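Protein sequence lines, in the order shown, are assigned to chains A and B. Just so you know, we're using the working numbering here: the first sequence kicks off at 1 and counts up by one. Just so you know, we're using the working numbering here: the second sequence kicks off at 1001 and counts up by one. A quick write-up on the structure given underneath.
There are 2 protein chains.
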Amino acid sequence: MTQEQEKVSKEQLILEAAEYEFFTKGFAGARTTTIAKRAGVTHAMLHYYYRTKEQLFERVVEKNAATIGQAMLAAMGNPAKPIIERLRDGISAHFDLIVAHPMLPRFFLNEIGAYPERYNLLTDHLGATANKLFTELQDEADAATERGEIEQVDVRMLFISMLSLNIFPFIVYPLGQNIMTDMMGDKEHFLERRKAENIELIMRRIKKQ
Amino acid sequence: MTQEQEKVSKEQLILEAAEYEFFTKGFAGARTTTIAKRAGVTHAMLHYYYRTKEQLFERVVEKNAATIGQAMLAAMGNPAKPIIERLRDGISAHFDLIVAHPMLPRFFLNEIGAYPERYNLLTDHLGATANKLFTELQDEADAATERGEIEQVDVRMLFISMLSLNIFPFIVYPLGQNIMTDMMGDKEHFLERRKAENIELIMRRIKKQ
DNA sequence: CTTTGCATTAACAAAATTGTTAAATAAAAT
DNA sequence: ATTTTATTTAACAATTTTGTTAATGCAAAG
């Protein structure tokens, strides 16, 4: 009878509680006792399964690092499509991925900002794959410029703009909610509008005029 | 002879060291002993002048809260100028203020994200002044739209776009440096380009087409 | 010059937080 | 059934971090 119910192991519960705690408070602000309490276990259990706070943190980072790469990849769009569609779809897909993981950006940006050395492996790996995609995308953009389809653009600059527009609303949300309550009150609706706005901004940026 | 040299009191040195520590590590990650060491005093001195870590933190927040408001105000531009110039100047002035205080955005956004209740006073105050300016600016934008000068826009949406574009590069810098070393290596030059890019994006967004 | 008040230090205390261990319990394998 | 292995608990230990205090030094005011 316990076979059906007890699908989630305590080990799993701890990891999930840790994720929430680390995402909201960061490594320094997280408390292992709070994590244990949230998971509904004694804090000795936490150490039994993960030994140290550091190792538990590493597990959380590992579990989510792939999503960052996935988001970046998605942002590059589908190479088969024409550049304009490709960019539009890239922005959209990237935005949707953040909606699915809204706490990730603030967490990673802040932890990397506070302890950059810790993340050299992650950022190096990210940089390698990104730069390949950048040169490929730049070639395609240049070709489109030659054909008179779009303005001449630096795709890396465009990429930064896209990241800024897509990520920032999620970082500023707690603050924004207090300032623009009416606009940001209905989160679903706000995000929908925001996504459209971001696409509009980038489309207008590359539009030939 | 000590009159000329000892211009900076230890109290001041502690506050400055605290600022750096809190800005880089956040409240939770900051260590009062590290602050004292950086200031070149014993950690008892820190408690002598500021009693607790919390109070020291509050002093740092107080000292910098005004800058946030100042930046927001600057972003609204000069009401005397026509709307297009007003927006252009607003973005530029806002960007320059962040250049002068590059660690502020990440600090405040993260602390507010982690402990929102703590900042209700600050955000309420910010919200009050901002909303007045928003309605005033929206009226002006609507008038310009009537005259066929610009597209119809929601100035609050435009404001979020502007904040995103101006602030995000400073938050992502530690990560970006590792990924786009060539582009972001020369910080001065990168920021100059980035500022121009942000203005271009917003100008194109409002341009009648 | 001496008294008063502020600045400074060193040593100590308290609390919070992480981590350990040995014993108890439950589950699984033989 | 019994042995073995994994899980769980409670109590404890170590460390880190914040905060206090009492004694000392020092500079300015009277």
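Backbone N, C-alpha and C define an ideal beta-carbon position, used for all residues, glycine too. These numbers come from a predicted model, not from an experiment.
Check each candidate in A:Y119, A:E54, A:Q138 and A:M76 and name the one with the smallest Cα separation from A:R31.
Out of A:Y119, A:E54, A:Q138 and A:M76, A:E54 has the C-alpha closest to the C-alpha of A:R31.
Where A:G90 falls, given that 16 or more other Cβ within 10 Å makes a residue buried
So A:G90 ends up on the buried side.
Step through the CB atoms of chain A and report whether any lies within less than 8 Å of the CB of B:K1063.
Judged by the 8 Å Cβ criterion, B:K1063 is not in contact with chain A.
Since I believe A:N166 is in contact with A:L104 (beta carbons under 8 Å), could you give me their beta-carbon distance rounded to a whole number of angstroms?
The C-beta separation of A:L104 from A:N166 comes to about 12 Å, leaving the pair out of contact by the 8 Å criterion.
Would you mind working out which of B:L1122, B:R1156 and B:A1128 sits nearest B:Q1138, comparing C-alpha positions?
Nearest C-alpha to B:Q1138 among B:L1122, B:R1156 and B:A1128: B:R1156.
Thinking B:A1074 and B:L1097 are a contact (beta carbons under 8 Å), I'd like their distance in whole angstroms, please.
B:L1097 and B:A1074 do touch by the CB rule: their CB atoms are close to 6 Å apart, below 8 Å.
At a Cβ cut of 9 Å, what residues of the region 1017-1035 of chain B count as close to chain A, listed as they run along the chain?
Within the region 1017-1035 of chain B, the qualifying residues are T1024, K1025, G1026, F1027, A1028, G1029 and A1030.
By a C-beta neighbour count over all protein chains shown, 10 Å radius and 16 as the cutoff for buried, is B:E1058 buried or exposed?
B:E1058 is exposed by the Cβ-count criterion.
Kindly say whether B:L1133, judged by its beta-carbon, lies nearer than 8 Å to any beta-carbon of chain A.
For B:L1133, the nearest beta carbon of chain A is not closer than 8 Å to its own beta carbon.
What residues from chain B crowd round A:T145, counting only those whose CB sits closer than 8 Å?
What A:T145 touches in chain B, judged by beta-carbon distance under 8 Å, is nothing: the nearest beta carbon there is about 16 Å away.
So, is the C-beta of A:G90 closer than 8 Å to a C-beta in chain B?
Chain B contact via Cβ: absent.
Going by the beta-carbon positions, is the gap between B:M1072 and B:L1126 smaller than 8 Å?
Yes, these two residues count as a Cβ contact at 8 Å.
Under the three-state DSSP convention, the category B:K1081 falls into:
B:K1081 carries a coil assignment under DSSP once its states are collapsed to helix, strand and coil.
Any C-beta of chain B under 8 Å from that of A:E117:
No, because no Cβ of chain B sits closer than 8 Å to the Cβ of A:E117.
Ordered list of alpha helix (DSSP H) runs contained in the region 51-114 of chain A, each at least 4 residues
Here the runs fully enclosed are 53-75, 83-100 and 104-114.
Note down, in chain order, each residue of its chain lying with its Cβ closer than 8 Å to the Cβ of B:Q1070, except the 5 sequence neighbours on either side.
These residues qualify, in order along the chain: L1097.
If I measure Cβ to Cβ from A:R51 and keep anything under 7 Å in the same chain, skipping five residues before and after, which residues do I get?
Nothing meets the Cβ criterion.
Would B:V1172 and A:L163 be called neighbours here (beta carbons separated by less than 8 Å)?
Cβ atoms of B:V1172 and A:L163: closer than 8 Å.
Beta-carbon separation of A:E111 and A:G26 under 8 Å?
Taking 8 Å as the Cβ cut-off, A:E111 and A:G26 qualify as a contacting pair.
Under the three-state DSSP convention, the category A:K207 falls into:
In the structure shown, the three-state DSSP call for A:K207 is strand.
Residues of chain A with a CB under 8 Å from the CB of B:A1114: which are they?
For B:A1114, the C-beta contacts it makes with chain A under 8 Å involve T24, K25, G26 and G29, in order along the chain.
First and last residue of the uninterrupted alpha helix (DSSP H) at B:G1148
Counting along the chain, B:G1148 sits inside no alpha helix (DSSP H), nor does DSSP assign it H or E at all.
Below 8 Å between beta carbons: does that hold for B:P1102 and A:G113?
No, Cβ-Cβ distance for B:P1102 and A:G113 is not below 8 Å.
Assign A:E4 to buried or exposed, taking buried as 16 or more other Cβ atoms, counted over all protein chains shown, within 10 Å of its Cβ.
Residue placement at A:E4 cannot be trusted, given a pLDDT of 33 that sits under 50; what the coordinates show is reported in the next sentence. Burial call: exposed.
The alpha helix (DSSP H) spanning B:Y1119 covers which residue range?
If you look at B:Y1119, you'll find it isn't in any alpha helix (DSSP H); DSSP assigns it neither H nor E.
Which value, in whole angstroms, describes the spacing of the CA atoms of A:E16 and A:F23?
In this structure, the straight-line span from the alpha carbon of A:E16 to that of A:F23 is close to 11 Å.
Quick check: the Cα distance between B:I1199 and A:V41, rounded to an integer number of angstroms?
One Cα belongs to B:I1199, the other to A:V41, and the distance between them is close to 53 Å.
Grab me the residues of A:I150's own chain with a C-beta within less than 8 Å of its C-beta, minus the 5 sequence neighbours each way, in chain order.
So the list reads I83, I84, A141, A144, I206, K207 and K208, once near-sequence residues are dropped.
Using 8 Å as the threshold, is the C-beta distance between B:F1095 and B:K1195 below it?
Yes, the pair counts as a contact, with Cβ atoms nearer than the cut-off.
Could you tell me whether the Cβ atoms of B:L1087 and B:I1160 are closer together than 8 Å?
For B:L1087 and B:I1160, no; Cβs fall outside 8 Å.
Cβ closer than 7 Å: which chain A residues qualify as neighbours of B:G1127?
N178 and I179, listed in chain order.
Are the CB atoms of B:K1081 and B:A1039 within a distance shorter than 8 Å?
Contact flag unset, no.
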